[in-house]
Every structure is written in structure tokens, then in C-alpha cells.
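Asks:
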Amino acid sequence: MRHLWAEASAALSQGNHHRAIESLRRVLSVAPDDSDAHALLALCLLEVRRLSAAETEAALALSGAPLSPLSHVARGEVSSARRNFPKAEESFRAVLELEPDVSSHHRRLGNLFLALGRREEAEAELRRALELDPGDPENLVALGRHRLETGAVDEAERLARESLTLSPGNQDALVLMGSVLLRRGDVDNAREHALWAVRIDPTDRGALHLLAAVKARASWSLGLWWRYHTWCSEVGSRNAVLVLLGAFILYRFLTQLLVDYDHQQGAQLVSYAWLGVCVYSWVGPGIFQRQLQSELQAVRLRKDF
Amino acid sequence: MTPTGYRISDESKPSGLAHLAVNPFWPFLGVMFGGAWLSWPWFVVNGFAVGSPTRRRELSIAVGGFVLSGLLILSIIGLADSGRIPDSGVPYALLTLTALKLGVTYWLHALQSRTFEVYEYYGGAVRQGFVVILAAYFLSQVASPKLLAAAPVVFLWLR
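These protein sequence lines map, in sequence, to chains A and B. In this note's numbering, each number is its position in the first sequence, counted from 1, plus 129. In this note's numbering, each number is its position in the second sequence, counted from 1, plus 318.
(1) Pick helix, strand or coil for A:Val-231, following the three-state DSSP scheme.
(2) Can you tell me whether DSSP reads B:Arg-445 as helix, strand or coil?
(3) Where A:Leu-277 and A:Leu-340 are concerned, what is the direct C-alpha to C-alpha distance, given to the nearest angstrom?
(4) Closer than 9 Å between beta carbons: that is the criterion. Which residues of the stretch 396 to 424 of chain B meet it against chain A?
(5) Given A:Val-202, which residues of its chain have a CB within under 6 Å of its CB, disregarding the five upstream and five downstream residues?
(6) For A:Leu-189 and A:Thr-359, what's the separation of their Cα atoms in angstroms?
(7) Determine the DSSP secondary structure at B:Val-340, reduced to helix, strand or coil.
(8) Would you say the stretch 307 to 320 of chain A touches the stretch 385 to 402 of chain A, given that touching needs at least three Cβ pairs under 8 Å?
(9) Using beta-carbon positions only, say whether A:Ala-160 and A:Ala-149 come within less than 7 Å of one another.
(10) Just to confirm, is the Cβ distance from B:Val-362 to B:Glu-376 under 7 Å?
(11) Measure from the alpha carbon of B:Leu-426 to the alpha carbon of each residue in B:Leu-413, B:Pro-409, B:Gly-382, then state which is nearest.
(12) When DSSP labels each residue in this structure, what does A:Val-378 get in the three-state scheme?
(13) Near B:Leu-465, which residues of its chain fall below 7 Å by C-beta distance, leaving aside the five closest residues on each side in sequence?
(14) Which class does B:Lys-331 belong to by DSSP, given the choice of helix, strand or coil?
(15) Have a look at A:Ala-194, A:Glu-226, A:Leu-238, A:Leu-196 and flag the residue whose alpha-carbon is nearest the alpha-carbon of A:Glu-206.
(16) Considering only residues of the same chain and omitting the five flanking positions on each side of A:Ala-302, which have a CB-CB separation below 6 Å?
(17) Return helix, strand or coil for A:Asp-330, following the three-state DSSP convention.
(18) If you run the structure through DSSP and keep just helix, strand and coil, what is B:Met-319?
(19) Buried or exposed for A:Ala-336, please, with buried defined as at least 16 other CB atoms from any protein chain shown within 10 angstroms of its CB.
(20) Looking at B:Gly-369: is its Cβ nearer than 7 Å to the Cβ of B:Trp-360?
(21) Report all residues from its chain with a CB closer than 8 Å to the CB of B:Asp-328; omit the five preceding and five following residues, and keep chain order.
(22) With the cut-off set at 7 Å, would you say A:Ala-171 and A:Glu-151 are in Cβ contact?
(23) Give me the Cα-Cα distance between A:Val-343 and B:Ser-400, rounded to the nearest whole angstrom.
(24) In terms of residue numbering, what span does the alpha helix (DSSP H) encompassing A:Gln-143 cover?
(25) For A:Leu-362, does the three-state DSSP call read helix, strand or coil?
(26) Could you confirm whether any beta carbon from chain B is found closer than 7 Å to the beta carbon of A:Ala-171?
(27) Could you tell me whether the Cβ atoms of A:Asp-262 and A:Gln-300 are closer together than 7 Å?
(28) Using a Cβ-Cβ cut-off of 8 Å (strictly less than) and excluding sequence neighbours within five positions of B:Leu-390, which residues of its own chain qualify?
(29) Is it right to say B:Asn-341 is buried, meaning 16 or more other beta carbons lie within 10 angstroms of its own, or is it exposed?
(30) What number of angstroms, rounded off, separates the C-alpha of B:Ile-451 from the C-alpha of B:Leu-338?
(31) Does B:Gly-323 have its Cβ less than 7 Å from a Cβ in chain A?
(32) Taking just the CA atoms, how far does A:Arg-356 sit from A:Cys-173?
(33) Taking the alpha-carbon of A:His-338 as reference, which of A:Trp-354, A:Val-304, A:Ala-347 has the nearest alpha-carbon?
(34) Less than 7 Å between CB atoms is the rule here; does B:Ile-326 satisfy it with respect to chain A?
As C-alpha cells, then:
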């Protein structure tokens, strides 16, 4: 059993979530009621975007150990990813009641507030996290992200530099620094930081997001698609589909209306415009992905990845 | 390779129909090139083929989709017959049917895609659905005008 845990931990530390999932599966085959294994499995499944399974595992973890901070953390992270923000907040507050002086718990709650646009509460939590552990580069990065979002670019840069001094290979700090540079219009250096972060872990979403944002800057048409894609992620896929369905119905309504009022040319124009949107949304992601892949081919992975 | 030991909730239990499994993208295309008559039953069969843990839900959604679209058509016809919708308004009212069909199809696709990715990750066999789409397209081209003339309500319901 101990060797299975060691295997899972090694895989996790290398960022190999698929292998960690297999190791945790073996742990749970031997001990199906191990709440920590369920919680860790939930966090790994979350990393590979198997959200419904992650939710089930987090619920199993919490039902087995309602007083375990790890179970609450897993439930909070999964709820946040599923955009169930009240449940995420409830979990992060519960974990803070259990362990009020752990900086990472304050950071999680702060990041959640930041995602919800509750900036003042976010700042209070992120500053509290930094107070509790000023040497943790993740706390500096989290506050830096907050400052960048509120437009305090200089302070964000200072925090990014400080965290890179503490931990030069910190991926999140590199991504923050790249984001600061991109905000300042220094696309080349932003790209360098993104590639450096990808080299450390090519599966990291923050690094890939930054690299994609850099590529989107190079072309307005791809930038448009990138903005649309970012908007979809922000509103959630269900809402995005509802908007798309609404747009489709509007298009059909408009063409029918134009035909009824004998504006054949107008109807044709609307149809061409819709066709253009369809072709663009079909082709755009492919071109974008190809551009990213060509960039990623030059990346040399670290040896233990 | 099939996962052994502890089973994670989104993992499939491939059935004897596994040789029929296709990427859910094909049934999704089916609604455009054939119609709901092709797409929704195909989703259901595919759900059982890949052993989707949500296969019963997918079956309920497909059945519910047929029932709802039938009721919607009957309501539109009833409203048109009673004069509450003018003849010129019928094509607009029928747009709700299109929205319903697209919504159900997207729902089925979103539900099945999650399982399919895991099924594929563990090396499950996958067939191509191109031939079915092509056949359905030609069948629709040939049969649609005849069905539309003979039974317009059935045509609207199944298309």
C-alpha cells in the first residue's frame, strides 16, 4: 500500500496526472474507503478535466471524512471548476474553520473571490495568505495576479520578480511575469516566458493560455477567435451554447423575415455572413492549434517529465 | 486496455455492441445530414456500445426529445388551425422546433463526449461513421419530398 502511495506522489510531483490516477486507482482497489485517496483522485481528475468524475470522488472523500481539510479542498476546487461558486466558497470557508492559519487555504479563497470579481475580499484573503507565509512564491503570484487584474501593473511586476527571486523556476511566477510583459506590449519577452513555463510542464493551462494569448496578438483574426474562446470559458459551455443557439435562431428568423418582405438580396447577405461565421469557427481553432503546435515543437521538456 | 480494479464513475463498461462504437461527433452530424430520426437513436445505440454510465439518461433525453417535438408540432398546428398563429407566422413558430432539436442533440453530444474520451483513452475500438452519414444524406434527399407530400407532420417530427 505504501509503495502505491509513493508511486502516486511521485507521479503527482512530476505533473503526470494520468499516471497518478492509475496509482490512486490501485490504492482504492485495495482500500476503497480511503478518503485521502478519493480526494487526491478528485484533484487529479480535475487536472485532466474529467469534471463529473472529479465531483463524484470529492463527494466520496467528504462523506468518508467530513473533517478532513483535504476533502474540503478537493470539493472546493472541483466545485469552482464546475462553476458552482457558492458550493466552492462554502468548502473553502469550511477548510479555513478547520485550519485557519494555513496560507494556501486563504489563497484558494482569495483566488475564488478574484474569479467572482469580488476584488476587495480577494485582496484581503490574498494579503492574509502572504502574511502567514511570506516566503511562499505562490502567495506572491496570487497577489500579483490580483494587482494585474486591478490595473496595478507595476506592483504586479514587483511581485512577479520577487517570487522569481525566491523560486527562479516557478511556473506560475513565469506566467505572471509573461502576462505583465504582454500587458505592456512586450510580445517577444512574453513569448519567451510562456515557452519557459511550458518547458517546465507542457500540460499547465496557465502557461498554454499565455502562449495562446501571445499568438493571438500576432493576428487580429485569430485574436478574435481567441477572445471568443476566452469568453466561452468565462461564461461556461452551457451558457455559450445557449447564446449560439439564440444566434442561430435569430439568423433563421432574420432570413425568413427578409424573404417575407421580398428582400432576397438581404437574406442572401445574412446567409453569407452566417456561413462566414461557421467557416471561421470551423477553421479558426485548427489554424490556431497548428500555430501553437509549431511553437511547442521547439520546446525541450525537462528530463524528469 | 480496460481499466481494472476500482472503477471511476465516468468510465465506460463496454458491452457486446462495442464494435459499433463511434465518436459522438458522427451522430451529432447525423442531425444535420439526416435528421433527429437518425441522430438520436444513434446516440442511444452508441451510449450502450461504449457502455456509457449515462446511457439510461441519454435514452430518456432522446425519448423526451421525440415526445416534446411531437407535442410542439401538434401545438403549432392547433394554434394555426384556430387562427391564433397566422399562416405567415407558421415558419417562425417552427423555428422553436429547430431550436429544440438542436438543443437536445447538443445535450446528448455533451453528455456522451465525456465518456467517449475516457473510452478512447483506454483503447476502446472506434468505427468511422462517414458511410452512415453519406447514406442518410442520400436517403433524405430521395425520401424527404415524398414524405413531406404524404405526411408533413411526420416529416417535421422526424427531420
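Idealized CB from N, CA, C, for every residue including glycine.
Replies: Looking at the coordinates:
(1) coil
(2) strand
(3) 18 Å
(4) Ser-406, Pro-409, Tyr-410, Leu-413, Thr-414, Thr-416, Ala-417, Leu-420, Gly-421, Tyr-424
(5) Val-224
(6) 32 Å
(7) strand
(8) no
(9) no
(10) yes
(11) B:Gly-382
(12) Checking the displayed sequence, the identity of residue 378 of chain A turns out to be Ile instead of Val. Three-state result, A:Ile-378: helix.
(13) Val-472, Phe-473
(14) coil
(15) A:Leu-238
(16) Pro-266, Val-270, Ala-289, Ser-292, Leu-293
(17) coil
(18) Residue confidence for B:Met-319 is low, a pLDDT of 49 falling below 50, so the modelled location carries little weight; the figure read from the coordinates is stated next. Three-state DSSP puts B:Met-319 in coil, outside helix and strand.
(19) buried
(20) no
(21) Pro-371, Arg-432, Thr-433, Val-436
(22) no
(23) 59 Å
(24) Here A:Gln-143 belongs to no alpha helix (DSSP H), and DSSP marks it neither H nor E.
(25) Sequence inspection shows Ser at residue 362 of chain A; the Leu mentioned does not correspond to that position. Of the three classes helix, strand and coil, the one that applies to A:Ser-362 here is helix, per DSSP.
(26) no
(27) no
(28) Thr-414, Leu-415, Leu-418
(29) buried
(30) 15 Å
(31) yes
(32) 28 Å
(33) A:Val-304
(34) yes
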